[in-house]
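Peer 1: Heads up: the sequence shown at position 81 corresponds to 82 in our numbering, and the numbers run straight through without jumps.
Glycine residues also receive a C-beta, built at the ideal position from the N, C-alpha and C atoms.
This structure is in structure tokens; I'll ask about it shortly.
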Amino acid sequence: MTTTGFDYVITRTLEAPVEQVWAAWTRADRYGQWASAEDVAMDVRAGGAWSSVMVIPGGTRVPLSGRYTEVVENKRLVIGMNVPGREELAIMTLDLAADGDHTRITLSQTLGSVEERDQSEFGSNMLLDGLTAFLSAA
């Protein structure tokens with residue numbers, strides 16, 4: 002795991018209980034609905050594998066895969082993603098905290114370059130926008 006580099010941290014408050022947010026991130030059927038992903042497979046446990054095909058605007062399909070490195074139900078999900086040309090996983094940390102009947106969600110990541118950081122931060126904001134819309138429609 003990279004410990005030095007270029008960081009980003011995004012925090013939002015979602016209008017849904019922690020359990021609902023957790024289920025959206027850890028149940029393949031729900032994740033696919035809000036994350037613009039198809040063929041989602043998740044083994045949500047430390048060391049468990051995940052994979053999906055992200056469908057980005059314009060219809061391009063991007064296969065993604067990795068493994069979970071830490072899972073604390075309703076609190077923390079540390080997700081590693083395989084990146085072509087890199088031996089180590091790109092790690093994203095998702096922290097959840099109850100805030101009344103809402104959830105404070107924090108996504109963070111450390112990347113090797115400003116360009117990687119900016120691209121990942123943009124993608125994470127898009128994910129959170131999709132999650133927010135999904136939860137408000139639930």
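1. Output needed for I57: all residues of its chain with C-beta closer than 8 Å, excluding positions within five of it in sequence on either side, in chain order.
2. Reducing DSSP to helix, strand and coil, say where T94 ends up.
3. Give the secondary structure of D40 by DSSP, where H, G and I count as helix, E and B as strand, and everything else as coil.
4. Compare the Cα-Cα distances from M55 to each of M82, V115 and E88 and report the closest residue.
5. If we require 4 or more residues per run, which alpha helix (DSSP H) segments fall completely within the stretch 88–132?
6. DSSP puts S66 in a beta bridge; with which residues?
7. Are D100 and T14 close, meaning C-beta to C-beta below 8 Å?
8. Is the shortest distance between the beta-carbon of E16 and the beta-carbons of chain B less than 8 Å?
9. Using the three-state DSSP reduction, which class does G33 fall into: helix, strand or coil?
10. By DSSP's criteria, T12 is part of a beta bridge. Which residues make up the other side?
11. State the start and end residues of the unbroken alpha helix (DSSP H) segment that holds V22.
12. With C-beta atoms as the reference, is L136 less than 8 Å away from Q21?
Peer 2: Walking through what the data contain:
1. Locating residue 57 in the sequence shown gives position 56, where the first residue counts as 1. These residues qualify, in order along the chain: S37 and V63.
2. Position 93 of the sequence shown holds residue 94. Residue state, collapsed to three classes: strand.
3. Walking along the sequence shown from the start, residue 40 turns up at place 39. DSSP places D40 in the strand class (E or B) of the three-state scheme.
4. The sequence position of residue 55 within the sequence shown is 54, counting from 1. Nearest C-alpha to M55: M82.
5. none
6. Here residue 66 refers to the residue found at position 65 when the sequence shown is read from its first residue. DSSP lists S52 as partners of S66.
7. Position 99 of the sequence shown, counted from the start, is the residue given in the question as residue 100. Position 13 of the sequence shown, counted from the start, is the residue given in the question as residue 14. The answer is yes: Cβ separation under 8 Å.
8. Of the chains in the structure shown, none is chain B; there is only one protein chain.
9. Start at 1 with the first residue of the sequence shown, and residue 33 comes out as number 32. Here G33 sits in helix by DSSP.
10. The residue labelled residue 12 in the question sits at position 11 within the sequence shown. Answer is T107.
11. Walking along the sequence shown from the start, residue 22 turns up at place 21. First-last of the alpha helix (DSSP H) with V22: V19 to T27.
12. Walking along the sequence shown from the start, residue 136 turns up at place 135. Walking along the sequence shown from the start, residue 21 turns up at place 20. It is a contact, given that the beta carbons lie within the stated cut-off.
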